[in-house]
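Respectively, the protein sequence lines represent chains U and S. Counting the first sequence from 1 gives a position; the working numbering is that position plus 1086. Counting the second sequence from 1 gives a position; the working numbering is that position plus 1086.
Number of protein chains: 2
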Amino acid sequence: MSLPTRADCAARDAADPLAGMRARFELPEGSIYLDGNSLGALPKSAAARLERVLHAEWGRDLIQSWNTAGWIDLAQRIGDKIAPLVGVGPGELIVADSTSANLYKVLSAGVHIAQEVGRARGAIVSERLNFPTDLYIADSVAKAHGLALDLVERDAIASRLERGDVSVLMLTHVDYRTGQVHDMARTTRAAHAAGALMVWDLAHSAGALPVHLRGDGSREEAADFAVGCGYKYLNGGPGAPAFVWAHPRHTARMDEEGWRQPLSGWLGHVAPFAFTPHYLPARGIQRFVCGTPPILAMAALECGVDVFAEAQAHGGLDAIRAKSIALGDLFIALVEARCAGHGLTVASPRDGRERGSQASLRHADGGYAVVQALIARGVIGDFRAPDILRFGFTPLYTRFVDVWDAVEQLRDVMASGEWRADRFHRRQAVT
Amino acid sequence: MSLPTRADCAARDAADPLAGMRARFELPEGSIYLDGNSLGALPKSAAARLERVLHAEWGRDLIQSWNTAGWIDLAQRIGDKIAPLVGVGPGELIVADSTSANLYKVLSAGVHIAQEVGRARGAIVSERLNFPTDLYIADSVAKAHGLALDLVERDAIASRLERGDVSVLMLTHVDYRTGQVHDMARTTRAAHAAGALMVWDLAHSAGALPVHLRGDGSREEAADFAVGCGYKYLNGGPGAPAFVWAHPRHTARMDEEGWRQPLSGWLGHVAPFAFTPHYLPARGIQRFVCGTPPILAMAALECGVDVFAEAQAHGGLDAIRAKSIALGDLFIALVEARCAGHGLTVASPRDGRERGSQASLRHADGGYAVVQALIARGVIGDFRAPDILRFGFTPLYTRFVDVWDAVEQLRDVMASGEWRADRFHRRQAVT
C-alpha cells in the first residue's frame, strides 16, 4: 500500500465515528499523548464531579453521604459499569484496592479452590515477562501455600500445562511491553483441560478491546478470576482503584462453604455495621472488598468508566478496537517507512488482532533517551526496561493525525541524532 | 462546679488558642458536626489542591507528574508529616492502602518476627470489643500461620499475657465505641515483658491526641508496629489512604534478611522501574507499600495533615488534647445535668485523660433512633451497635458552644419523646 499522507490521516479522523469522544477529555495543548496505556487522560466530567464530591458530599453532607450520596454502593455500581467491558454480568465484578492487592485475593482463592476440588498440583504458572507486580504477588501466594511459582516463556505455556501439575495459570491478557495479546478463549480452555484454574490480569485490556471473560459461556472457556486496572484505558485517574472478578460458580461455592479471602476487612463482611467480632464473608463478589474505599478516587474512576457508556452510541468497544488496530497499523507502517536505518525495530505483533492498543519499538541502547527526546518535543510515550519504547493509542482521544505527527517527530529525533544528548540519558525516578 | 452557661462557652471559644483553625475547614451551615471521629471535615485547601491535581498534574502533565509533581514520593512525604503526630521519626512511617490491609502486613510481620526470634508462642491476642476489621484481619493472619486468635476483655489482657504464649498483642489505642484509651507505654512494656510484640491501631488516635509510639525511647517501651487511619482526625477525606509504621529495628532486620511482607506489590520493590521478575523488597518502611497509590485521595489527605503543621503555632497536639478533654468534660457534665431521667448513661471514661476525643452515651433500646432524631435537628453524631451514641470532638473545628447547643438539642429530643417516631427507627445501609 502507498504510505498515507497527513491529509489522508485527517480524512480518516473526519470519518471516525468516535471522533466526538475526544471532546470528553481534557488534553494538554501542544502535546501528543501516547501513554494512555500507562495513565489515561482526564475526563472533563471529573472536574464537576470532584467539586460535587468535595463540597456537597464531603464538605456539606459529611458522614451522611455514605447513605445519601451512595458512597457505600460505589464499589458495586462502578463494578457493574466495568462488567460489560470485560464480558461479565452485573454483580460479578467489583472495584477495590489495587491490582496487586486484588491479585493476592484471587490467587489465594485459586489456590484454595485447586486444593478443594482435587486440583492441587503444586505450581502457579505464569510468563517470565509478565508484569512484575503479578509475579511478585504470585511468588508471595505460592510461598504462603507451599506451591512452586514457575515462570515460563510464552511459547512454553502449553507444554508446561501438559505436565499436569499446574494449580493456577495466571497471565496478563495484553503484554505490557510488546502489547501481544493472548488468545483468551484458547488459553483458558487449555488451562481447564489441564486441570488448572485460569486467572487473567486485564490491566492493558479493560477499555482497550472487547474482553470475553465468560468466553462462549461454556464452563471450559469461562475464566475463573480476573483483576484489572482503573487508571489505564479506563481513564480513572492516577492510581485509580482496581477491579476484581470471580466466576459466579466460584462465589456460589464460597457462599456455601463460607470461604473468605485473606484480606478480610470489614467492608467484605456480610453485615459490617453489625460490628460483630467474628468474620462472616459477604455473599458473592462483595467478599473481595477489604477496607473503606477512597471515595475521591472512586468518583474520578466512575467518570472515566462513564465515557464508555457514551461511546456505546458510537460503536462502543467494537469501534474502539477497530480504530485501535488501525492506529497501530498506521504507526508501524509509518515508522518502518520514515524511521528506517536508525536502529529501531518493531517489538509488537504486526497483525493488529494479536496486538493490544499499543505499538512498541526496540532500540538496543538508546530506548530511554529516544523517549526523553520525544517528550521534549511534546510526544509523550514511555520506556520500559531494558529496551522498549511504548506508544499507546487510546481511540477515545487519539487521532490518526496524532500518530502521523508523532512519527514525524520520531523521525526528526532519530535523523538529527539529538537523542544522543546527555540530558536525555539522565534517569528520573519514574521511567 | 456550677453548670456553664452558653455565654461561658462562648467566652471559652473566644479564649481558645485553636479558635482560628476552624476557618481552615469548610463546615455545613446550620449543623453541628460531632462525627469527626468517623469522617473528618473538609480542609478548605483541598479544593485548590484537587483542582491543581486534576487540571495541571493529571490533565496537562499526565504521566510526567509521577516525577514533576512528586507523585512517586507522596506516600513517604505524607508519612513524614504524620510521623511527628504519633511520636516517630522521618522515614519510619508511610501512607498506603487501607488500615485493614496495613494491619494484614504488620501482623504478618509480627508473626514472622515472633517465630524468628524464638518468641513464637501460639496466639495473637486482642480485645473482644476491638474494632471488628482488626479482629477479622487478625483472624485471617492467625489462621494462615497456625496461631490462635484469642479475644479477651480489657481487664484480662495483663493476665492473658502472663500465660506466656502470646506472639503478638494487637490493640486499638482508643476504643471506637467508648473512647477509652489504653496506657500505651504501660501496655507495650507489659507485652514486651511477656515476650510478645506490640501492634497498635491508631485509627482514633492520630491527630486526636499526642501519641508516643517510641515511648521513652527504651526498647521496652517502644511499640513494634502501628497502623492508622487517614479519614478520621487527620481529615484526609472519605476512605483516605491509611498509614503504617514499623520500628526501625524491625525494618533494619528485614533489610538484612530480605524479609518481605505478603502484599509484595511492585511499589514496595527496591527498584520498581527495573521491572525484574524477582521481588527484592525496598529498604525500610517502603517495603510496606504494595500497589500504585490513589493520587487524588493522597493529595486530599496531605491537605488534612498539613493543617496540623499550621496548628503547631497554636499549641499543636498539646493544645488539641487539652481542648479535646475540655470539650468532652463539658459534654458529659451538660448531658448529666440537662438530659437526666431519659435512660441515657455515660459510656466513656469520666477522667478525660483516659478518654479519646469522643464522648459516648448508652441508651438501652433507643440509641439508633435518638441519633437519627438528632441528625434531623442538625446535630451529627453516630450510632454503633448495639447501644452506643457517639459524639466526636475535633478541637480544630469543634467549639464549646457547639457542645452546649448539641446537648440542648439532645435534651429536646429526649424530653419531647420525638425519637420514638417510626421514621427514626428505620435503618439505613450505613449506621
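Beta carbons: idealized from backbone N, C-alpha and C, even for Gly.
Count the other C-beta atoms from every protein chain shown that fall within 10 angstroms of the C-beta of residue i, then say buried if there are 16 or more, exposed otherwise.
| i | result |
| --- | --- |
| residue 1089/U | exposed |
| residue 1445/U | buried |
| residue 1364/U | exposed |
| residue 1358/U | buried |
| residue 1388/U | buried |
| residue 1525/U | There is simply no residue 1525/U to check, as chain U begins at 1087 and stops at 1517 in what is shown. |
| residue 1266/U | buried |
| residue 1373/S | buried |
| residue 1350/U | buried |
| residue 1269/U | exposed |
| residue 1183/S | buried |
| residue 1451/S | exposed |
I need the DSSP call for residue i, collapsed to helix, strand or coil.
| i | result |
| --- | --- |
| residue 1170/S | helix |
| residue 1217/S | coil |
| residue 1502/S | helix |
| residue 1179/S | strand |
| residue 1513/S | coil |
| residue 1146/U | helix |
| residue 1486/S | helix |
| residue 1128/S | strand |
| residue 1313/S | strand |
| residue 1136/S | helix |
| residue 1467/S | coil |
| residue 1478/U | strand |
| residue 1497/S | helix |
| residue 1454/U | helix |
| residue 1165/S | helix |
| residue 1460/U | helix |
| residue 1492/S | helix |
| residue 1141/U | helix |
| residue 1227/S | helix |
| residue 1302/S | coil |
| residue 1473/U | coil |
Could you round the C-beta distance between residue i and residue j to whole angstroms and report it? I think they count as a contact, below 8 angstroms.
| i | j | result |
| --- | --- | --- |
| residue 1377/S | residue 1187/U | 6 angstroms |
| residue 1137/S | residue 1155/S | With 8 angstroms as the limit, residue 1137/S and residue 1155/S do not qualify as a contact, their Cβ atoms being about 13 angstroms apart. |
| residue 1394/U | residue 1477/U | About 22 angstroms separates the two Cβ atoms, so there is no contact after all. |
| residue 1500/S | residue 1400/S | With 8 angstroms as the limit, residue 1500/S and residue 1400/S do not qualify as a contact, their Cβ atoms being about 36 angstroms apart. |
| residue 1256/U | residue 1210/U | 6 angstroms |
| residue 1121/U | residue 1468/U | 5 angstroms |
| residue 1166/U | residue 1177/U | 7 angstroms |
| residue 1466/U | residue 1149/S | 6 angstroms |
| residue 1226/S | residue 1348/U | 5 angstroms |
| residue 1386/U | residue 1224/U | Actually they do not touch by this definition, with Cβ atoms about 29 angstroms apart. |
| residue 1193/S | residue 1261/S | Not a contact, Cβ separation roughly 19 angstroms. |
| residue 1479/S | residue 1414/S | 6 angstroms |
From this set, the options, which residue's C-alpha is nearest residue i's C-alpha?
| i | options | result |
| --- | --- | --- |
| residue 1240/U | 1227/U, 1253/U, 1259/U, 1223/U | 1259/U |
| residue 1232/S | 1217/S, 1213/S, 1214/S, 1253/S | 1253/S |
| residue 1213/U | 1197/U, 1230/U, 1199/U, 1235/U | 1235/U |
| residue 1218/S | 1277/U, 1326/U, 1304/U, 1355/U | 1355/U |
| residue 1508/S | 1262/S, 1332/S, 1454/S | 1454/S |
| residue 1106/U | 1396/U, 1410/U, 1512/U, 1475/U | 1396/U |
| residue 1275/U | 1292/U, 1295/U, 1287/U, 1299/U | 1299/U |
| residue 1289/S | 1352/S, 1330/S, 1369/S, 1361/S | 1330/S |
| residue 1411/U | 1312/U, 1243/U, 1498/U, 1296/U | 1296/U |
| residue 1419/S | 1512/S, 1208/S, 1489/S | 1489/S |
| residue 1491/S | 1103/S, 1094/S, 1118/S, 1169/S | 1118/S |
| residue 1319/U | 1443/U, 1435/U, 1146/U | 1443/U |
| residue 1098/S | 1335/S, 1181/S, 1408/S | 1408/S |
| residue 1180/U | 1128/U, 1163/U, 1170/U | 1163/U |
| residue 1313/U | 1243/U, 1273/U, 1189/U | 1189/U |
| residue 1126/S | 1457/U, 1157/U, 1438/U, 1145/U | 1145/U |
Could you check whether the Cβ of residue i sits closer than 7 angstroms to any heavy atom belonging to the ligand NAP?
| i | result |
| --- | --- |
| residue 1331/U | Of the ligands one can find in the structure shown there are none, so the ligand NAP has no counterpart to examine. |
| Which ranges would you report for the beta strand (DSSP E) in the segment 1229-1290 of chain U if only whole runs of at least 3 residues count? | Those beta strand (DSSP E) runs which fall completely within the segment 1229-1290 of chain U and span 3+ residues are 1234-1238, 1252-1258, 1283-1287.
| said: As an exercise, report each continuous beta strand (DSSP E) stretch of at least 3 residues that is fully enclosed by the segment 1187-1212 of chain S, in chain order. | reply: Within the segment 1187-1212 of chain S, not a single complete beta strand (DSSP E) segment reaches 3 residues in length.
| Fully enclosed by the segment 1322-1346 of chain U, which alpha helix (DSSP H) runs are 4 residues long or longer? | If we require 4 residues or more, the alpha helix (DSSP H) runs fully inside the segment 1322-1346 of chain U come out as 1334-1343.
| said: Threshold first: 4 residues or longer. Then list the alpha helix (DSSP H) segments lying entirely within the segment 1092-1125 of chain U, N to C. | reply: If we require 4 residues or more, the alpha helix (DSSP H) runs fully inside the segment 1092-1125 of chain U come out as 1092-1101.
| request: Quick one: which unbroken alpha helix (DSSP H) runs of 4-plus residues sit fully inside the segment 1335-1407 of chain S? Chain order, please. | output: DSSP assignment within the segment 1335-1407 of chain S yields the following whole alpha helix (DSSP H) runs of 4 residues or more, N-terminal first: 1381-1397.
| query | Where in the segment 1404-1448 of chain U do unbroken runs of the beta strand (DSSP E), each at least 3 residues long, occur, reported from the N-terminal end onward? | reply | Within the segment 1404-1448 of chain U, the complete beta strand (DSSP E) segments of 3 residues or longer fall at 1430-1432, listed in chain order.
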